[in-house]
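Asks: Below is a structure I'd like to ask you about.
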Amino acid sequence: DRLYFCVTLCREGTRLRIIGDRSRLPVSVQKTARDAEEATRNNSRLHLVLAISYSGRMDIVQACRKLAQKVDAKLLRPEDIDESLFADELQTSCAADEASSSCPDLLIRTSGELRLSNFLLWQSAYSELFFTDTLWPDFGEAQYLQALRAFQSRDRRFGARKNNAAL
Amino acid sequence: MSLPSMIIKLTLGLLWCIIHLAISLLSLCSHLIFNLECSLISSGLLWKYRNLQLGRLKYLAIVVDSREAKNTVKINQLLYWLKTLGVKYVCLYDIDGVLKKLFAPGMNGSRDNNPGDYLDASANIKALDCCQKQMTIECISGSDGKEGIAKAANLLCSSYLNGDSYTQENVKSEENVKSEENVENEPVFTETDMASALKSIGCAGPEPDLLLVYGPARCHLGFPTWRLRYTEIMHMGPLKSMKYGAIVKAFHNYSKKHQNYGK
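Heads up: the protein sequence lines correspond to chains A and B, in order.
Take 1 as the starting number for the first sequence in the UniProt record's numbering and just add one per residue.
Take 1 as the starting number for the second sequence in the UniProt record's numbering and just add one per residue.
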């Protein structure tokens with residue numbers, strides 16, 4: 001199954017990255033994740049980021065830790081920390097490359113729930129939120145088109161404010 | 001262009017128009033039904049909306065698009081409706097701080113209610129009295145959102161640099177087992193530390209149970225991310241066409257929700 005999964009990803013040109021607290025996963029799963037990321041490292045057709053054992057709050061906290069390490073190493077000063085620097089330390093930023101942004105334009109939540117449930121709290125600030133009653137196994141092309149239609153009809157300013165640019 | 005291809009092109013164009021018209025009609029009918037339902041709710045004719053159970057709704061947040069937040073008449077009307085419905089704590093947010101300026105003259109600190117436990121002296125709170133139903137209003141803006149998190153990180157890093165210690169955790173993973181030295185020197189902030197830092201800089205607050213979004217975009221426009229973990233989010237449309245019945249319906253739908261709160 002693991003081999004089939006990696007082969008499928010490679011055939012589709014998909015680059016896999018996994019974010020979340022891997023320390024809470026079984027060691028065998030950690031190894032599988034690492035192997036899959038390594039095997040798909042050079043793919044570029046689609047970037048697939050899987051959030052497993054992921055918490056939006058912990059993402060923010062671990063970004064703080066990384067910044068504190070940089071401060072400790074004299075790579076930056078505490079007063080230099082701003083939104084941009086902070087965003088660069090989030091797990092999704094590490095998973096994004098130069099060609100893509102770590103903030104989703106569209107966030108789809110299935111199963112009829114109307115909340116983020118601790119997912120991408122920072123990154124979803126200006127994301128179009130689409131909530132559907134359809135359960136995930138039944139989510140298909142029709143539901144995806146509905147989400148796209150809702151997205152394209154919105155007037156989006158991406159958090160542009162009078163003085164600051166959106167991050 | 002040959003005749004058959006012209007016919008095909010016209011036929012496809014006609015089909016597109018018919019489909020577009022059908023979808024527009026469906027959308028119009030849906031809109032009319034919604035307006036009718038809101039009117040019936042407002043008039044009290046729909047039985048199931050008569051007795052709202054707001055026991056679970058302790059903290060309500062309202063996100064307003066800054067362009068629409070300047071409509072003070074609508075904002076005051078909205079607050080009046082919320083007061084009559086029995087809402088005790090409302091957090092108003094718009095990214096540009098229009099609402100903060102709107103309520104700034106009347107702001108005073110309130111430490112009488114429980115929400116005051118979350119806030120320090122710099123928080124913008126106002127207690128409104130109307131018809132013996134006091135409602136606490138908190139006004140925040142984009143500076144309390146991502147900027148607040150960045151400032152809290154600044155504070156945590158400064159404290160760490162000054163030698164303040166934080167709770168040590170045993171981070172068990174293959175990577176960290178290989179380099180124990182790194183684990184010992186690694187700053188280990190926790191969610192509690194971040195929450196305390198946010199409180200120190202005046203960006204703390206209760207997590208809203210329900211967040212109503214007024215505006216053209218179905219997004220929370222940078223509402224403080226730390227407080228949005230398990231908040232129900234409902235898009236209410238433009239502020240200028242807000243309806244009392246729509247708010248009642250949103251509250252009713254919220255009262256029927258079941259949350260595990262991450263457990």
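By construction, the Cβ of each residue, glycine as well, lies at the ideal position given by its N, Cα and C atoms.
Fair warning: this is a prediction, and the values are worked out from it, not measured in the lab.
Do L54 of chain B and F223 of chain B have their C-beta atoms closer together than 8 Å?
Replies: Here L54 of chain B is not near F223 of chain B, since their CB atoms are 8 Å or more apart.
Asks: I'd like the list of long-range same chain contacts for N43 of chain A, defined as Cβ closer than 6 Å, with 5 residues on each side in sequence excluded.
Replies: G13, T14, R15
Asks: Please compile the residues from chain B whose C-beta is within a distance smaller than 7 Å of the C-beta of R154 of chain A.
Replies: P216, A217, R218
Asks: Does the Cβ-Cβ distance between L212 of chain B and T231 of chain B come in under 8 Å?
Replies: no
Asks: Are the CB atoms of Y214 of chain B and W81 of chain B within a distance shorter than 8 Å?
Replies: no
Asks: Using three-state DSSP, classify residue 292 of chain B as helix, strand or coil.
Replies: Only positions 1 to 263 of chain B appear in this structure, which leaves residue 292 of chain B out of reach.
Asks: Just mark F151 of chain A as buried or exposed, buried being the case when its beta carbon has 16 or more other beta carbons within 10 Å.
Replies: buried
Asks: List the residues that DSSP assigns as beta-bridge partners of R109 of chain A.
Replies: A:F131
Asks: Could you check the C-alpha separation between E174 of chain B and C64 of chain A for me, to the nearest Å?
Replies: Note that E174 of chain B has pLDDT 41, beneath the 50 cutoff, so the model's placement of it is unreliable and no number is given.
Asks: Whose C-beta lies closer than 8 Å to the C-beta of V63 of chain B among residues of the same chain, with five residues either side of it excluded?
Replies: Y93, D94, L211, L212, V213, Y214, G215, H220, L221, F223
Asks: Should S153 of chain A go down as buried or exposed, given a rule of 16 or more other Cβ atoms within 10 Å for buried?
Replies: exposed
Asks: Which residues in chain A sit within 8 Å of F251 of chain B, going by Cβ to Cβ distance?
Replies: None at all; the shortest Cβ gap to chain A is about 13 Å.
Asks: Assuming contact is defined by CB atoms lying nearer than 8 Å, are V87 of chain B and L57 of chain B in contact in what I supplied?
Replies: It is a contact, given that the beta carbons lie within the stated cut-off.
Asks: Go ahead and pull the three-state DSSP assignment for K162 of chain A.
Replies: Any answer about K162 of chain A is weak, because its pLDDT of 46 lies below 50 and its placement is not dependable; what the coordinates show is given next. Here DSSP, grouped into helix, strand and coil, assigns K162 of chain A to coil.
Asks: Report yes or no: is there a C-beta of chain A within less than 8 Å of the C-beta of A150 of chain B?
Replies: yes
Asks: Counting pairs of Cβ atoms below 8 Å between the segment 72–87 of chain A and the segment 146–158 of chain B, do you hit three or more?
Replies: yes
Asks: Please identify, using Cβ separations under 9 Å, the residues of the segment 126–148 of chain A that lie next to chain B, in order along the chain.
Replies: Y126, S127, E128, L129, F130, F131
Asks: What beta strand (DSSP E) runs, 3 residues minimum, are completely inside the segment 40–65 of chain A?
Replies: Whole beta strand (DSSP E) segments, 3+ residues: 46–51.
Asks: With a Cβ-Cβ cutoff of 8 Å, do L135 of chain A and S111 of chain A count as a contact?
Replies: yes
Asks: Would E191 of chain B pass as an interface residue toward chain A - the criterion being a Cβ-Cβ separation below 8 Å?
Replies: yes
Asks: So is L15 of chain B buried or exposed if we call it buried at 16+ other beta carbons inside 10 Å?
Replies: exposed
Asks: Once DSSP output is grouped into helix, strand and coil, what is the label at E207 of chain B?
Replies: coil
Asks: Does any residue of chain B bring its CB to less than 8 Å from the CB of V71 of chain A?
Replies: For V71 of chain A, the answer is yes, since a Cβ of chain B falls inside 8 Å of its Cβ.
Asks: Could you list which residues in chain A have their beta carbon closer than 8 Å to that of L156 of chain B, in chain order?
Replies: C64, A68
Asks: When Cβ atoms are compared, which residues of the segment 32–60 of chain A fall closer than 9 Å to chain B?
Replies: R34, S55, G56, R57, M58, I60
Asks: Shortest alpha-carbon distance to T8 of chain A belongs to which of A:L25, A:I18, A:A39?
Replies: Nearest of A:L25, A:I18, A:A39 to T8 of chain A, Cα basis: A:A39.
Asks: Assign K100 of chain B to buried or exposed, taking buried as 16 or more other Cβ atoms, counted over all protein chains shown, within 10 Å of its Cβ.
Replies: buried
Asks: Under the three-state reduction of DSSP, which class applies to T231 of chain B: helix, strand or coil?
Replies: coil
Asks: Is there a Cβ of chain A sitting closer than 8 Å to that of A153 of chain B, yes or no?
Replies: True, the Cβ-Cβ gap to chain A drops below 8 Å.
Asks: Please return the same chain residues whose Cβ sits closer than 6 Å to the Cβ of A197 of chain B, not counting the five positions on each side in sequence.
Replies: A152, L155, L156
Asks: According to DSSP, what are the bridge partners of T14 of chain A?
Replies: Paired residues: A:L46.
Asks: In angstroms, rounded to a whole number, what distance separates the CA positions of D138 of chain A and R17 of chain A?
Replies: 25 Å
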